[in-house]
Structure formats: structure tokens, C-alpha cells
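Heads up: the structure comes next, in C-alpha cells.
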Amino acid sequence: MPTRTPVLAAWTPALVAEVVAAALEHATVDGLHRAFRDVARSCGLSPATVEEWVARARAVQAAPVPPDLLACHTCARSMILIQLPGCGWAYLCAPSCGRTPVPPDEIRDAVAAVILHRTPHLVPPGMPTQAASCALGPIHRVTVGATGTDLHITWRAVSR
Numbered sequence: 711m712p713t714r715t716p717v718l719a720a721w722t723p724a725l726v727a728e729v730v731a732a733a734l735e736h737a738t739v740d741g742l743h744r745a746f747r748d749v750a751r752s753c754g755l756s757p758a759t760v761e762e763w764v765a766r767a768r769a770v771q772a773a774p775v776p777p778d779l780l781a782c783h784t785c786a787r788s789m790i791l792i793q794l795p796g797c798g799w800a801y802l803c804a805p806s807c808g809r810t811p812v813p814p815d816e817i818r819d820a821v822a823a824v825i826l827h828r829t830p831h832l833v834p835p836g837m838p839t840q841a842a843s844c845a846l847g848p849i850h851r852v853t854v855g856a857t858g859t860d861l862h863i864t865w866r867a868v869s870r
């Protein structure tokens, strides 16, 4: 009797966020490599795919704003930067609460504008495009609403 192969869920941003969150949570107990294998097996994915998604979500150099700065307004979870094969980058909470993905360029531009307006002395001279990367000093948290420009910024009492 032939065996049935499991039907894989479509690679949606929500699936990627769920897999990344599960792998990172599992990694705190069993280590990253075992987490990749276990989460991949439970989701019907290859461990290499899970490893790539986690690596991209944790990539500091690719992030338009510093990691761990963004939070979802709906569920208050941290937002991660994800990319699907053949698609652009997007921010989504991990695990996903069902919100639509937010384009990172909108968030980067809004955060950069706020930094340039309120704390321009933190931005290196001649590098206004890097303003969003300076946000971790004066900004404690950026809560993202429905769009990339619907932001609530919580400032630190004392800048780092």
C-alpha cells in the first residue's frame, strides 16, 4: 500500500514566523541545531530551511532597525524580519498573531525621521540614511500598529 506524503502548508509569512519562534523557543532548552531538526520534523520542512529562516530572522546586518526594538501593537510580541522565497522582506510578530506583514522600509523611514528630528546629534555626520540604526540608544521600544507609519515610540529616560 503506498504511503501518503504529508501535505505541506503554503509558505506564508505567518508560517515562517511560527517556525522561527518555535525554533528559538526550542533552542533555549535543547540547543539550536537540535531545535532545527525537531521543529523541521514537526512542521514537515527540511532542517536547512528552518535554519535559513532563523538565520535570516536573526541577521543584525540585514535589519532596517536594530533587532528587538519592534513590538506588535496587537499582541505585544517582538517583531522579526522575515523573507519568503521569491518575496521581499517583511516584519511580523513571532509567533504570528494574524496581523498583516509590515514592509520594513516604511518602519525604517519613520524611525529615521524621528531620530533625525529629536536626536540628530546621534547620527554620524553625512550619514542620514543610517539614522534608524542609531535608534537603540534613545528609543526603548517601537510599537507597530496596522501600518509601518502607525508607530508608538517609547523613549528611554536616559539614552544609552
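Numbering (the numbering used here), first residue to last: 711 to 870. Quick reminder that beta carbons are idealized off the backbone N, C-alpha and C, glycines included. In this text the structure is predicted, and so the values were computed from the model without any measurement.
- The shortest C-alpha to C-alpha distance from residue 857 to any of 749, 727, 730 and 780 is the one to 780.
- DSSP places residue 753 inside the alpha helix (DSSP H), whose first and last residues are 742–753.
- When only Cα atoms are considered, residue 821 and residue 775 end up about 8 Å apart.
- When rounded, the separation of the alpha-carbon atoms in residue 730 and residue 786 is 17 Å.
- Bridge pairing for residue 851: 864 [DSSP].
- In terms of CA proximity to residue 845, 833 leads the group 854, 746, 837 and 833.
- Assignment of residue 799 by DSSP, reduced to helix, strand and coil, places it in the strand class.
- The three-state reading of DSSP puts residue 843 in helix, counting H, G and I together.
- Our two residues, residue 741 and residue 782, have alpha carbons roughly 27 Å apart in a direct line.
- A straight-line Cα-Cα distance of about 24 Å links residue 827 and residue 789.
- Secondary structure note for residue 856: it is in no beta strand (DSSP E), with a DSSP letter that is neither H nor E.
- Under the rule that a run must span 4 or more residues, the alpha helix (DSSP H) segments found entirely inside the stretch 810–844 read 814–828.
- The C-alpha of residue 745 is placed about 8 Å away from the C-alpha of residue 735.
- Under the DSSP assignment, residue 781 falls in the beta strand (DSSP E) whose first and last residues are 780–782.
- Excluding its 5 nearest sequence neighbours in each direction, residue 728 has C-beta neighbours in its own chain below 7 Å: 805 and 806, listed in chain order.
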